[in-house]
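Please read the structure below before turning to the comments.
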Amino acid sequence: ILADNSTFTVVVTTQVSDVVDRKLPAEFRSTFTTPDETPAVVTAVDPVAGATEVAVDKVIQVTFNEPLDPQQAFVGVVRVFPDGHPEALVPLVISLSESGTTVTAQPSVPLAESTRYKIEVTSQKDVAGNMQPARYTSTFSTVDRTKPVIDSVSVEGQLLFTKTPLIVVGFHDDFSGIDTASIVLRLDGQDIRAGANVWSNGAQYQVPASAPLVGASHVVEVQVSDRSGNQSDLKSASFTVDVVPPQITSFTIEGFPVVEGMTIAVVRPVLAAVYSDEAGIDQQNTRLRLGPPGGPLAEMPVTFSYNTGLTYQPPADLAEGSYSVQLEVSDNVGNIVTVGPVTFVLSFSAPQLTVIAPLAGKQHGGTVLVLSGTRLLRSDGEWPEVLIGGSPAWVIDAFAASPDQVTVVTPAGAPGPAPVQITTDRGTSTLPGAFLYDTDAKTPFAVEPDTVLLWRFNEPNADWWGVTVDSGPFDIPGYPSRYSQPVEARFGYGEIGAIWSEDYNGMLDFGTSSFTIDCWFKTPPVDKVYLLAGKQVDVSGYGISLLPSGELQGWIKNEAGTQWIVETPSGMSVADDQWHSATLVVDRENGRMAVIVDALERAASPEPPGFGDIGDESDGYVSVGEEDYRFTSDAAEFPGVTDEVRFSSTAHTGDRILRAFEGSVPFSVFAARPEILTRGSTTDFTLEGYNLCQVEMTLIDSSGAEFPGQRVSSSATEARFKIPVGGSAAVGPGRLQFQSPLGTATVSVRILDPERSLLRHEPDTLLLWHLNEAGEGKVKVADSGPLALAGESRYSSSRSLPALFERAREDVSTPRSKFIDFS
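Going by my numbering, the sequence shown opens with residue 21, and the numbers climb by one from there.
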């Protein structure tokens, strides 16, 4: 078959002869051409296949091996589109060269940067009309202006439980590719490229064991460039190496939680600890130490229970005495938690508290608790001291038996478990978390800035022989009548019967001033008028009384005997054997008196014209639960129970009363004592307010130095602390910062130097007693003055007590007082 599109020549030479051998007289030639049957093919493209960094205004040219038919439609012959997206054709203006062998495609819009394009050529016709059915393709990439991308950092946002993590970084660039020499790799600001393995789409770095990370937050920084010089954004990825120490869930001696001062009676006690940590426990650095208090503690050969705990039992009997134990638990990251040193006592004579009942009771106290064990009484048979949650409990009975039993009434405390501690002259025994204080949404009254008197009646011995303590600022004691009886009440204990006190100093003579009386009570129906709380004098007086109808009456009687009265509505009886809150608000500024029951105002009355002064008879009695002498005087006593009586020197608002009733008073600090602290000493401190459970305290001196206080106990309205005032504390003004989950508060104090502020012998000094002599009873007191006027305690009950300057004494006098007669 002859080739197409080719010219052929036929030649007949003179050697051709006929049958009679006659030769062709001349050579014959004839030329013909075969038809073109092969379509045109692409021989070159511009930009060349695989070209990069092509300008976005590049004109595309396609060269063929033969001329094309200029009459054909070139739309669809040459197409340009982003690789992988044939539907996104680039609009082209196409022309054919004069030779017919080159097609020029001019994009009518600029090409996109950083894009791979495909050139596709097909269906071209040559001048013979042959169409090319095959498809020719070629790709090129426009100029690369796209930054590489950091895809991932393996440790980003992670909490790691290893100090030598493997850090893996991923990145990519879709066009020119990553320049691996350009990588920036830093860990906490330090260049770590030299230790990293880098490839075209990632890198990894192994933190060496010789330089482990510390438990803290760390930052990895990564940046790369592509071969076109485009630089990625700087990627910062944070992660944390575990900083949480192991959690010790229990640490016990003979099954009892380890607490300071605990007593045991086992010569080979089993010490055990249970703990956990997500990073695992480092047993080589987990230690139990035991030894004498204040001396070096030796590491004990413990038995480990995998990663969950340890035990130790001495191989020989321990001698009686005091020991210190310390537990140190480390995780595999190096985080350490330490308990102790804690001192415990091995004694066969110290009290051993084993059982308490009941196990739970009211948050505000008043639960009768029976403690059982051995040696719970003093060696002389006297009753022990008992603390619950750090606060003294009232011991109401104790006897030696098998087992010994001590009955106490719980003080107020913070919701949750509280330790029970019993102390005698033979030692101390503690049951940690043994008693559970149940949460009570309501709150007893607090000592507020306007409080004059607050009787809580929490003394279980406040009968004919006892005294009701005043929690207010003026120490006005209450005296129970011979028929009164302490009983469990709404908050702790309360009183059945009458309590009274003589107002010698007239603190409760309100004259023409406003005041408020609050109380809680519960009573059956009554047949007489009883004064729930108030002041009864010969002529004048005031109070809130319970009527036989069960209604309440607020009243004031002035010096002229005129009464101002307000009564709750008829039929609204509170004599129903249920606890009620009653408040009398006398607002003299606005001429109004109101009775509020369970935080709701039930009655109000305007002040009578010209009512005047209540009176100032200081010999009147402040009374609670006594018969109202305005009606009878046969000395009958209230059959109900009274609890929480408070007298205040201002008229309380309804909102203030409601918040106290509901227990929704915000975290508040009203009183903090003492206001003067001495550096280099530990001071006992009392805080009063609302919502004081679990409050924390820090002393901050004028230089900003902080001295954390140690909370001894806390309840809804009172907290007690010990403040260790460092010897380096700055003298002068300071402040106490209180923190609670419910808020913060600050109280100003003053820090003194005990040496600089101590009274000293001066030229005009006649007598100077420092009163630092220890001992009880009749003790001689030295005089540092020039006349040597020694003093002496006159009573056997005289005590020496801790004080601002070393010690103080309750009473002292001198028979030689004539030397200091200033008459």
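Backbone N, C-alpha and C define an ideal beta-carbon position, used for all residues, glycine too.
First through last residue of the beta strand (DSSP E) which encompasses residue i
i, result
"Phe530", "Element bounds for Phe530: n/a, residue is neither H nor E."
"Leu330", "329 to 332"
"Asp675", "That residue, Asp675, is in no beta strand (DSSP E); its alpha helix (DSSP H) goes 674 to 682."
"Asn481", "Careful: Asn481 lies outside any beta strand (DSSP E) and carries neither H nor E."
"Gly222", "222 to 226"
"Leu310", "307 to 311"
"Trp414", "414 to 419"
"Gln11", "What the structure shows of the chain is the stretch from 21 to 843, and residue 11 is not part of that stretch, so it cannot be assessed."
"Gly149", "Run containing Gly149: none; DSSP gives neither H nor E here."
"Ala71", "71 to 74"
"Lys292", "First, the residue type needs correcting, since residue 292 is Ala and not Lys in the sequence shown. Segment 291 to 296, the beta strand (DSSP E) holding Ala292."
"Thr122", "122 to 127"
"Phe48", "48 to 53"
Residues that residue i bridges to, as DSSP identifies them
i, result
"Val801", "Gly811"
"Ile900", "Residue 900 cannot be examined here, being either before or after the span of the chain that is shown, 21 to 843."
"Tyr550", "Leu566, Glu647"
"Trp844", "Nothing can be reported for residue 844, as the shown portion of the chain is limited to 21 through 843."
"Phe101", "Lys138"
"Arg206", "Asp211, Glu241"
"Phe667", "Leu473, Ile537"
"Phe276", "Ile273"
"Glu515", "Pro506, Thr662"
"Val65", "Val82"
"Ala692", "Leu707"
"Thr450", "Gln441"
"Thr33", "Bridge partners of Thr33: none, in fact."
"Tyr346", "The sequence given here places Gln at residue 346; Tyr does not occur at that position. Beta-bridge pairing links Gln346 to Arg309."
"Thr702", "Pro744"
"Ile284", "Leu366"
Any chain B beta carbon closer than 8 Å to residue i
i, result
"Gly570", "Of the protein chains in the structure, only one exists, and it is not chain B."
Inter-residue CB distance, residue i and residue j (contact presumed, cutoff 8 Å)
i, j, result
"Leu338", "Arg288", "7 Å"
"Asn711", "Ala736", "7 Å"
"Leu786", "Leu807", "6 Å"
"Leu344", "Gly311", "The amino acid occupying residue 344 in the given sequence is Ser; Leu does not appear at that position. With 8 Å as the limit, Ser344 and Gly311 qualify as a contact, their Cβ atoms being about 6 Å apart."
"Gln303", "Phe324", "5 Å"
"Ser296", "Thr269", "7 Å"
"Leu678", "Ala692", "Not confirmed; about 26 Å, so no contact."
"Arg770", "Glu695", "7 Å"
"Pro90", "Leu112", "Not really, about 17 Å apart at Cβ, beyond 8 Å."
"Leu88", "Gln144", "6 Å"
"Thr162", "Leu131", "5 Å"
Nearest neighbour of residue i, chosen from the options [CA to CA]
i, options, result
"Ser722", "Phe477, Trp584, Gln757, Thr532", "Gln757"
"Arg608", "Gln598, Gly433, Trp219, Trp584", "Trp584"
"Val244", "Gly197, Glu86, His238", "Gly197"
"Trp540", "Ile516, Trp520, Val98", "Ile516"
"Val62", "Gln91, Gln152, Val39, Ser174", "Gln152"
"Gly660", "Gly514, Asp648, Val242", "Gly514"
"Gly386", "Trp414, Val32, Ser119", "Trp414"
"Gly409", "Arg395, Glu402, Lys382, Ser422", "Lys382"
"Val644", "Asp633, Ser565, Ala299", "Ser565"
"Arg206", "Glu47, Thr184, His238", "His238"
"Thr51", "Asn355, Val30, Val286", "Val30"
"Gly492", "Tyr499, Thr471, Glu508", "Thr471"
"Gly630", "Asp618, Gly611, Ser37, Glu646", "Gly611"
"Ile416", "Ala292, Leu397, Asp784", "Leu397"
"Asp211", "Thr184, Val188, Lys183, Glu241", "Glu241"
"Pro55", "Val36, Arg42, Arg622, Ser26", "Ser26"
"Val175", "Glu682, Asp199, Pro753, Val227", "Val227"
"Ala64", "Lys43, Thr58, Glu86, Leu44", "Glu86"
"Asp523", "Pro744, Val39, Leu473, Asp831", "Leu473"
"Asp784", "Thr702, Phe842, Thr703", "Phe842"
"Ala293", "Leu308, Gly811, Asn221", "Leu308"
For residue i, the first and last residue of its enclosing alpha helix (DSSP H)
i, result
"Pro774", "774 to 777"
Touch test, the stretch 662 to 676 against the stretch 426 to 433, Cβ-Cβ under 8 Å, three pairs minimum: no
Stretch-stretch touch, CB-based, cutoff 8 Å, three pairs: the stretch 182 to 198 with the stretch 154 to 172: yes
Three CB pairs or more closer than 8 Å across the stretch 597 to 614 and the stretch 531 to 547: yes
At least three beta-carbon pairs within less than 8 Å, the stretch 76 to 94 to the stretch 118 to 132: yes
Segment contact, 8 Å Cβ cut-off, at least three pairs: the stretch 364 to 384 with the stretch 442 to 460: yes
Validate contact between the stretch 566 to 578 and the stretch 588 to 597 using beta carbons, cut 8 Å, 3 pairs: yes
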